[in-house]
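Under my numbering, the first residue of the sequence shown is numbered 57, with each subsequent residue one higher.
A short write-up of the structure that comes next.
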Amino acid sequence: MLNLLNQDERQLLERHRVGKSTIVLPNGLNDSERAALASAAKSSRERLARKEICFLGMWGVRKGSRDWGKIVRSILNVVPDARFAFLGTMADEQTVLRDLQLSPHESIRCVTTYHPRELPNLIANCAVGLFPSYIEGFGLSVIEQLAAGIPTIAYDV
Numbered sequence: 057m058l059n060l061l062n063q064d065e066r067q068l069l070e071r072h073r074v075g076k077s078t079i080v081l082p083n084g085l086n087d088s089e090r091a092a093l094a095s096a097a098k099s100s101r102e103r104l105a106r107k108e109i110c111f112l113g114m115w116g117v118r119k120g121s122r123d124w125g126k127i128v129r130s131i132l133n134v135v136p137d138a139r140f141a142f143l144g145t146m147a148d149e150q151t152v153l154r155d156l157q158l159s160p161h162e163s164i165r166c167v168t169t170y171h172p173r174e175l176p177n178l179i180a181n182c183a184v185g186l187f188p189s190y191i192e193g194f195g196l197s198v199i200e201q202l203a204a205g206i207p208t209i210a211y212d213v
């Protein structure tokens, strides 16, 4: 059995009579997801003016939660009007703020869960993505941010 990432790979193998037993398990974004992310994205000028930095993913030590407090404070020292969006944390806002060692702040947006169709609008205004993950199977969040035109900084894992 072969595990393929998309239908194009499956068709190529079938054309060459290889891999009769195949399954397609997408490890990325399909065309409609990429299109939705790209079309929702605001212009660079709008995003840079808003200065919002986003993190997509579960909140936890392996995802860099212990690093975020220092990251946020370092950025706010240089860009005092920066904003932060923590999306899909699966942890409540109080937990995130406690880990950040910050009190509720209008520059911090925390969305515990969202439907995948909501993501394009949730990140449409973000200027930069940060992904300080220490352990990652497949960084779908990075791909989603890049598909939305958001430059993303990630740890080398």
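The beta-carbon is built from N, C-alpha and C at its ideal position, and this holds for glycine as well.
Please read all numbers here as calculations on a predicted model, not as lab measurements.
By how many angstroms is the C-alpha of residue j removed from the C-alpha of residue i?
| i | j | result |
| --- | --- | --- |
| L175 | W124 | 21 Å |
| F187 | E65 | 29 Å |
| P105 | L68 | A small correction: the amino acid at residue 105 is Ala; Pro does not occupy that position in the sequence shown. Cα to Cα, A105 sits roughly 45 Å from L68. |
| I109 | G193 | 23 Å |
| G195 | K126 | 23 Å |
| S100 | I206 | 9 Å |
| M114 | R71 | 40 Å |
Please report the Cβ distance between residue i and residue j, rounded to the nearest whole angstrom; I am assuming they are in contact, meaning their Cβ atoms lie under 8 Å.
| i | j | result |
| --- | --- | --- |
| A204 | L93 | 4 Å |
| L156 | V128 | 6 Å |
| C152 | C166 | Just to set this straight, residue 152 is Val in the shown sequence, not Cys. That belief holds up - the Cβ atoms of V152 and C166 are roughly 5 Å apart, short of 8 Å. |
| D148 | T168 | 6 Å |
What would DSSP say about residue i, mapped onto helix, strand or coil?
| i | result |
| --- | --- |
| A204 | coil |
| A97 | coil |
| L85 | coil |
| A210 | strand |
| L158 | coil |
| I191 | coil |
| A92 | helix |
Using a threshold of 8 Å, state whether the C-beta atoms of residue i and residue j are closer than that.
| i | j | result |
| --- | --- | --- |
| I191 | R122 | no |
| F247 | S163 | Any property of residue 247 remains undetermined from this structure, which presents the chain solely from 57 to 213. |
| S189 | G144 | no |
| E102 | N181 | yes |
Uninterrupted beta strand (DSSP E) stretches inside the region 99 to 153 (no shorter than 3 residues): 108 to 112 and 139 to 143
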